[in-house]
Amino acid sequence: MDDLPANPWLRLPRVAPYVLDEDRLAVEVFNADAPAHVRLHVDTCPEPFFGDPDAPIVVLLLNPGVSEDGRYDDGLRATVSGDGPTQRHFYIGSDNRWWRKLVSALARERPGVDVARRVLSVEFIAYRSRSFGCGQLRLPSQDYAFALVRRAIRRGAAVVIVRGERHWIGAVPELHGHAQRVSIVNPQSAALSARNLAGDGFARLLAALDHAEESERATPA
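Just so we're aligned: 120 in our numbering is position 120 of the sequence shown, and the numbers increase by one with no gaps anywhere.
What follows is the structure, encoded as structure tokens:
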């Protein structure tokens, strides 16, 4: 993708601490003074983005949480670092409970669509914490996340800010006037449904799926 900078996550270390070299100092300084519940965890794999960068639906989040049992999905690090499949959304494809709830209404309305291929999710901060408290932190790796979002805007993708609207619009002001930005009614319910998306938001997500399917069928093999 010549309109994107180099993906820094291809250089993610294979063993802990899982932190990019360019992020290391800022993360260490932040963690030195941060309360335990907002401290960034680098002993487990970060989650910068999942899915096809050309996906018609883009979901924006704040940062991944910390598993209470300390267990994470097999293959996560390989996917993040580019060693595993990247065109299907990792968590939707693995039937993760939280993601299943988020996209279940789309899957019901379009049972013939592989939704995991049609959703890109991007985290504001890739590193995990128990609670989000790093909104003022700026990491070099965020440049790639913001570039993914700006590219999504340019290509007319439907963008849903599920978490952190203020932070996202502050970092990517183009989101404010994006014609295909879909507003969520209750971020805590975590569902892309007709009831939880403002106005005709759900219809626009379905239209984005339909357009992607039609475009793919029209493209010669």
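Ideal placement from N, C-alpha and C gives every residue a C-beta, glycine not left out. Since the model is a prediction, treat every value here as computed from it, not as a measurement.
Inter-residue Cα distance where the pair is residue i and residue j
| i | j | result |
| --- | --- | --- |
| M1 | D52 | Unreliable positioning characterises M1 in this predicted model, as indicated by a pLDDT of 48, which lies under 50. The coordinate reading is nonetheless provided below. Going from the Cα of M1 to the Cα of D52 covers about 12 Å. |
| Y127 | V162 | 18 Å |
| A198 | V15 | 43 Å |
| F146 | A171 | 7 Å |
| I184 | R24 | 34 Å |
| L102 | L62 | 15 Å |
| S141 | E22 | 7 Å |
| P56 | P17 | 34 Å |
| E213 | H37 | 42 Å |
| A218 | D210 | 12 Å |
| G164 | D95 | 24 Å |
| R204 | A158 | 7 Å |
| G201 | I92 | 21 Å |
| S215 | A34 | 47 Å |
| R11 | A107 | 34 Å |
| V59 | V42 | 24 Å |
| G135 | A208 | 30 Å |
| G156 | R110 | 21 Å |
| R166 | I125 | 14 Å |
| R39 | L137 | 12 Å |
Nearest residue (CA-CA) to residue i, options the options
| i | options | result |
| --- | --- | --- |
| P8 | L209, L25, P48, L76 | P48 |
| L120 | A208, H89, W98, G177 | H89 |
| A190 | C45, E109, W99, L12 | W99 |
| S131 | Q87, G65, G201, P46 | G65 |
| C45 | N31, I169, V19, A207 | V19 |
| R150 | H176, R138, V113 | H176 |
| A105 | F50, P220, S193, N186 | S193 |
| V115 | V27, P13, L4, L206 | L206 |
| V27 | P111, G82, S129 | S129 |
Residues that residue i bridges to, as DSSP identifies them
| i | result |
| --- | --- |
| F30 | Per DSSP, none; premise fails for F30. |
| I169 | DSSP lists no partner for I169. |
| I57 | V119, A158 |
| L197 | I184 |
| F50 | S121 |
| H41 | R128 |
At 3 residues or longer, what runs of the beta strand (DSSP E) sit wholly inside the segment 119-157? 119-123
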